[in-house]
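So in UniProt numbering, spot 162 of the sequence shown is number 162, and the numbers just go up one at a time. Heads up, the beta-carbon is just placed ideally off N, CA and C, and yes, glycines get one too.
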Amino acid sequence: MPKLYGWVREVVPESPADRAGLQPGDLIRTLNGHLIRDLVDYRFYIAEEDLLIGYDRQQEQHEVRITKDIDENLGVLFGEEPAPFIRQCANKCVFCFIDGLPQRHSSQPGLPHGMRSSLYIKDDDYRYSFLFGNFVTLTNLKELDWQRLDEQKLTPLYVSVHTTNPELRRKTVDGPRAGEILEHIERLGTMGITCHTQLVLLPGINDGEELDRSIRDLIERRPIVESISAVPVGLTKYNNMIKVGELPNLRHYTAEEANAVIDQVEVYQRRFEAENPDGYPFVFLSDEWYFITGREFPSARHYGNYAQIENGVGMTRFLIDQWARTRRRLPSAMPEPKRVVIGTSTMAAPVIEQIGKDLRQIVDLDVQVLPIVNKFFGSETTVAGLLCGQDVIDALMAQEQRADLILLPRVMLDNEGTRFLDDITVEEFKEKFLPARVEFVRNAQETIDAVRALAGISTGRERKLVRVQSRL
């Protein structure tokens, strides 16, 4: 018996679901006779205009018919899908993120909290690839999964390829059917499903000639393959320099090696930019390569529709350009002297410092950009998404001057925005810095809104939010 997904957490007022009488606590079991196993099923079958909804309420079964526009949402919000329902990863990738975490039950000096338990869940779920852009290896698909992909046309998917050399992929991914990645991509193509691909590069293992091979193989499988990204391996002090099998030790890229990778990939980029009127390069480099080498980031045109921005491809360029467009909304002065501290990763510090320079033009505003060293995972771990709460707390506490506003990147927190990696909650964190305001910002717009609020200027977003809520 398949597990069911659709516990209704909330019903949007005046929505088709509300008008049909659905309520929080109902369990939506079927749509037009189809069992709802997960959010993918729900989104697929909800596209129909005429729906027969089967649901349970207080252990009694009910049905209701709804007619809606084809692009209209039903108007229900579901409770969080339980973690055990996630398709677990069956691979043993040599650079697995889980191996870069401390042992689950180990005690870390100075850390009053353990790591978030969800970090230790190894997911490799094609449904999450379709819904949220998670990268999957395609190694654990069973025939029923392929049939569902074909039926529901879940496109595009995001696929971790790493190498197209079958023997090398079996060594680096070490999962069921790991060597069949090109066959899997071709099978997606027969179903009308496309994919964005990534190559996590390991120095001396799948770069150099192997990188050329992978790029050529994936190019040959256009238009099934919509894009390729090359990403340097991310290691922590827990898995840096480890040796797996006959492969060389895992390690970080040097600046010289990173420059060689950029030069190698740019050959393909120039070819595709010349072939395509829109300048689409097809093969992309993640932002880390430019940070490692200090080379200039490509223009926004280079990234097109930013198809792999969640993979760190073009994220910095997007921020730079967004800031350039929106900084005119900054106030000219503070009503009284104020101090802002912007916490950031060591990698992103040079870019954030440019934002800091603009903020320092505001009269009576003292601004400090604070690069935070990652002591928990090691100083060579330089991205904001792997900063733990305790390291951030320690860095801020070491400051001699009190801040009125602390700005931190939202990516430090979990999806719900409630916890750091080391399980410190946002509430616990904010209490340590009262009366300062702490804001976790996603982008330039939210940064500017926080500064305007510090100046006592309404952003206008509050009134808009009230109007939206009243319509809902």
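Status (buried if at least 16 other CB within 10 Å, exposed otherwise) for Phe376: Working through the sequence shown from its first residue, we reach residue 376 at position 376. Around the CB of Phe376, 16 or more other CB atoms lie within 10 Å, so the residue is classed as buried.
Once you ignore the five residues that flank Leu370 on each side, which residues in its own chain have a CB closer than 8 Å to its CB? Along the sequence shown, one-based indexing puts residue 370 at 370. Counting only Cβ-Cβ distances below 8 Å, and skipping sequence neighbours, we find Val341, Ile342, Gly343, Thr344, Ala395, Leu396 and Gln399.
Roughly how many whole angstroms lie between the Cα atoms of Arg317 and Asp124? Numbered from 1 along the sequence shown, position 317 holds the residue referred to as residue 317. Numbered from 1 along the sequence shown, position 124 holds the residue referred to as residue 124. Rounded to whole angstroms, Arg317 and Asp124 show a C-alpha spacing of 29 Å.
Which residue's Cα is closest to the Cα of residue 541: Val12, Asn240 and Asn140? Any question about residue 541 goes unanswered here, given that the chain covers just 1 to 472.
Pull up the CB-CB distance for Lys92 and Gly175, whole angstroms please, since I reckon it's below 8 Å. As a first step, residue 92 must be located in the sequence shown, where it is residue number 92. As a first step, residue 175 must be located in the sequence shown, where it is residue number 175. Yes, Lys92 and Gly175 are in contact; Cβ-Cβ is about 7 Å, under 8 Å.
Could you give the uninterrupted runs of the beta strand (DSSP E) lying entirely in the segment 128-155, keeping only those of 3 residues or more? Listed in chain order, there is nothing to give.
Cα-Cα separation, Pro335 to Val367: As a working mapping, residue 335 is identified with position 335 in the sequence shown. As a working mapping, residue 367 is identified with position 367 in the sequence shown. When rounded, the separation of the alpha-carbon atoms in Pro335 and Val367 is 16 Å.
8 Å contact criterion, which Gly312 and Ser286 should meet: CB distance rounded: Against the sequence shown, residue 312 aligns to sequence position 312. Against the sequence shown, residue 286 aligns to sequence position 286. With 8 Å as the limit, Gly312 and Ser286 qualify as a contact, their Cβ atoms being about 4 Å apart.
Residue closest to Leu149, alpha-carbon to alpha-carbon, out of Asp41, Leu434 and Glu183: Numbered from 1 along the sequence shown, position 149 holds the residue referred to as residue 149. Nearest C-alpha to Leu149 among Asp41, Leu434 and Glu183: Asp41.
Considering just the uninterrupted stretch of the alpha helix (DSSP H) at Gly356, what are its terminal residues? Start at 1 with the first residue of the sequence shown, and residue 356 comes out as number 356. First-last of the alpha helix (DSSP H) with Gly356: Ala349 to Leu359.
Start and end of the beta strand (DSSP E) containing Val283? For this step, residue 283 is matched to residue 283 along the sequence shown. Where Val283 is concerned, the enclosing beta strand (DSSP E) stretches over Val283 to Leu285.
Take Pro337 and list the residues in its own chain whose beta-carbon comes closer than 6 Å to its own, dropping the five residues that flank it on each side. If you number the sequence shown from 1, residue 337 lands on position 337. The beta carbon of Pro337 lies closer than 6 Å to those of Asp364 in the same chain, with the five residues before and after it left out.
Should Leu157 be labelled buried (16 or more other beta-carbon atoms within 10 Å of its own) or exposed? For the purposes of this step, residue 157 is taken as residue 157 along the sequence shown, with counting starting at 1. Under this definition Leu157 is a buried residue.
Please check the pair Thr293 and Ala255, which I expect to be a contact at CB under 8 Å, by giving their CB distance rounded to whole angstroms. For the purposes of this step, residue 293 is taken as the residue at position 293 of the sequence shown. For the purposes of this step, residue 255 is taken as the residue at position 255 of the sequence shown. Confirmed, about 5 Å.
If Ile448 sits next to Leu330, beta carbons under 8 Å apart, how far is it from one beta carbon to the other, in whole angstroms? Start at 1 with the first residue of the sequence shown, and residue 448 comes out as number 448. Start at 1 with the first residue of the sequence shown, and residue 330 comes out as number 330. Right, their Cβ atoms sit about 6 Å apart.
Check this for me: beta carbons of Leu27 and Trp7, under 9 Å apart or not? Mapped onto the sequence shown, residue 27 falls at position 27. Mapped onto the sequence shown, residue 7 falls at position 7. At a Cβ-Cβ threshold of 9 Å, Leu27 and Trp7 count as neighbours.
Nearest-angstrom Cα distance between Ala83 and Val392? Start at 1 with the first residue of the sequence shown, and residue 83 comes out as number 83. Start at 1 with the first residue of the sequence shown, and residue 392 comes out as number 392. Reliability of the predicted coordinates at Ala83 is poor, the pLDDT of 40 falling under 50, and no value is obtained from them.
Could you give the C-beta distance for Glu48 and Asp69, rounded to a whole number, given that I count them as a contact under 8 Å? In the sequence shown, the residue the question calls residue 48 occupies position 48. In the sequence shown, the residue the question calls residue 69 occupies position 69. In fact, because the Cβ distance is near 11 Å, the residues do not count as touching under 8 Å.
Of the residues Val233, Cys96 and Pro223, which one's Cα is nearest the Cα of His196? Indexing the sequence shown from 1 puts residue 196 at position 196. Here the closest residue by C-alpha is Pro223.
6 Å Cβ shell around Ala455 - same chain, five flanking residues per side excluded: Counting from 1 along the sequence shown, the entry for residue 455 is found at position 455. Around Ala455, the same chain offers Pro331 and Met334 as residues with beta carbons nearer than 6 Å, after the five sequence neighbours per side are excluded.
Excluding the 5 residues preceding and the 5 following Asn259 in the sequence, name in chain order all residues of the same chain whose CB lies nearer than 6 Å to its CB. Taking the first residue of the sequence shown as 1, we reach residue 259 at position 259. Close CB contacts of Asn259 within its chain, under the 6 Å cut and outside five residues either way in sequence, are with Thr293 (chain order).
Cβ shell of Gly189 (< 6 Å), same chain only, five flanking positions each side left out: In the sequence shown, residue 189 corresponds to position 189, counting from 1. So the qualifying residues of the chain are Ile224.
In terms of DSSP beta bridges, what is Ser214 paired with? One-based indexing of the sequence shown puts residue 214 at position 214. Under DSSP, Ser214 forms no beta bridge with any residue.
Taking contact to mean 3 or more Cβ pairs, one atom from each stretch, closer than 8 Å, check whether the segment 345-362 and the segment 379-386 are in contact. These segments touch.
Could you have a look at Gly385 and say whether DSSP puts it in helix, strand or coil? Translated into the one-based positions of the sequence shown, residue 385 becomes position 385. Gly385 falls in the helix class under three-state DSSP.
Please give the ranges of any alpha helix (DSSP H) in the segment 165-191, keeping only runs that are unbroken, at least 4 residues long and fully inside the region. Counting whole runs of 4 or more residues, the segment 165-191 contains the alpha helix (DSSP H) stretches 166-172 and 181-190.
Same chain, Cβ closer than 7 Å to Gly133, five either side skipped, listed in chain order: Working through the sequence shown from its first residue, we reach residue 133 at position 133. Non-local C-beta neighbours of Gly133 in its own chain, meaning closer than 7 Å and more than five positions away in sequence, comprise Tyr158 and Glu310, ordered along the chain.
For the candidate residues Leu39, Leu101, Asp358 and Val94, whose alpha-carbon lies nearest to that of Tyr128? Counted from its first residue, the sequence shown places residue 128 at position 128. It is Leu39 whose Cα lies nearest to the Cα of Tyr128.
Could you check if Leu77 is buried or exposed, using at least 16 other CB atoms within 10 Å of its CB as the buried criterion? Position 77 of the sequence shown, counted from the first residue, corresponds to residue 77. Exposed: under 16 other Cβ atoms inside 10 Å.
Three-state class that DSSP yields for Ile224 in the structure shown: In the sequence shown, residue 224 corresponds to position 224, counting from 1. DSSP places Ile224 outside both helix and strand once states are collapsed to three, so it counts as coil.
The beta strand (DSSP E) spanning Val233 covers which residue range? By one-based count along the sequence shown, residue 233 stands at place 233. Counted as a single uninterrupted DSSP element, the stretch harbouring Val233 is not any beta strand (DSSP E), since DSSP gives it neither H nor E.
Can the beta-carbon of Leu250 be found less than 9 Å from the beta-carbon of Val233? As a position in the sequence shown, residue 250 is number 250, starting the count at 1. As a position in the sequence shown, residue 233 is number 233, starting the count at 1. Yes; because the gap between Cβ atoms is below 9 Å, this pair is in contact.
Please look up how many angstroms separate the CB atoms of Ala444 and Leu405, rounded, as I've assumed it's under 8 Å. Translated into positions along the sequence shown, residue 444 becomes position 444. Translated into positions along the sequence shown, residue 405 becomes position 405. 16 Å between Cβ atoms; not a contact.
Terminal residues of the continuous alpha helix (DSSP H) containing Pro337? Stepping through the sequence shown from its first residue, residue 337 is reached at position 337. Segment Ala333 to Ser345 is the beta strand (DSSP E) holding Pro337; no alpha helix (DSSP H) there.
Quick check: the Cα distance between Leu168 and Arg216, rounded to an integer number of angstroms? The sequence position of residue 168 within the sequence shown is 168, counting from 1. The sequence position of residue 216 within the sequence shown is 216, counting from 1. So the alpha carbons of these two residues sit roughly 16 Å apart.
How about Leu101 and Tyr280: are their beta carbons less than 9 Å apart? As a working note, residue 101 is residue 101 in the sequence shown. As a working note, residue 280 is residue 280 in the sequence shown. Taking 9 Å as the Cβ cut-off, Leu101 and Tyr280 do not qualify as a contacting pair.
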